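Residue numbers (this note's numbering): 133 to 252.
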């Protein structure tokens with residue numbers, strides 16, 4: 133009985149901790165984007181953005197646009213090579229980072245069809 137409760141507690145924490153971390157991260161992103169959106173909104177002509185428009189909606193739109201721009205820039209070969217070089221010179225030398233990166237890569241490869249090829 134104790135073992136069951138311990139396992140249930142651990143599994144609950146394994147599920148709960150990433151959810152809380154994602155929530156906190158998104159909340160912080162929205163606050164940062166609100167800080168960026170305020171001066172940008174001042175550049176628009178009066179009446180373009182109504183006073184009753186939710187600031188959070190503008191922040192979410194900025195997050196989506198920023199993600200789109202970063203995703204587009206990341207697909208450029210020069211950007212990828214520069215990021216890989218920077219990673220190799222800095223955090224790539226940390227053993228814990230390399231271990232976590234290989235673990236995540238192994239999980240991501242499970243989605244590929246190549247990972248499920250027969251051994252024969």
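For glycine and all other residues, C-beta sits at the position ideal for the given N, C-alpha and C.
Note that the structure is a prediction, hence the values are computed from the model and not measured.
Candidates 168, 209 and 136, of which the one nearest residue 193 by Cα: Stepping through the chain shown from its first residue, residue 193 is reached at position 61. Among 168, 209 and 136, the Cα nearest to that of residue 193 is on 168.
Residue 179 - DSSP class collapsed to helix/strand/coil: Here residue 179 refers to the residue found at position 47 when the chain shown is read from its first residue. Residue 179: coil per DSSP, three-state reduction.
Residue from 237, 212, 195 and 202 with nearest C-alpha to residue 159: If you number the chain shown from 1, residue 159 lands on position 27. Measuring from the Cα of residue 159, the nearest candidate turns out to be 195.
Burial state of residue 231, where buried means 16 or more other Cβ atoms lie within 10 Å: Within the chain shown, numbered from 1, the residue matching residue 231 stands at position 99. Exposed is the call here.
Simplified DSSP assignment, three categories, for residue 186: As a first step, residue 186 is located in the chain shown; it is residue number 54 there, counting from the start. If DSSP states are grouped into helix, strand and coil, residue 186 belongs with coil.
Reduced DSSP category for residue 197 - H, G, I as helix; E, B as strand; rest coil: Indexing the chain shown from 1 puts residue 197 at position 65. Residue state, collapsed to three classes: helix.
C-alpha gap between residue 202 and residue 212, whole angstroms: Along the chain shown, one-based indexing puts residue 202 at 70. Along the chain shown, one-based indexing puts residue 212 at 80. Whole-angstrom Cα-Cα distance: 12 angstroms.
Cβ separation of residue 190 and residue 173, assumed to be a contact under 8 angstroms, to the nearest whole Å: Against the chain shown, residue 190 aligns to sequence position 58. Against the chain shown, residue 173 aligns to sequence position 41. 7 angstroms between Cβ atoms; contact.
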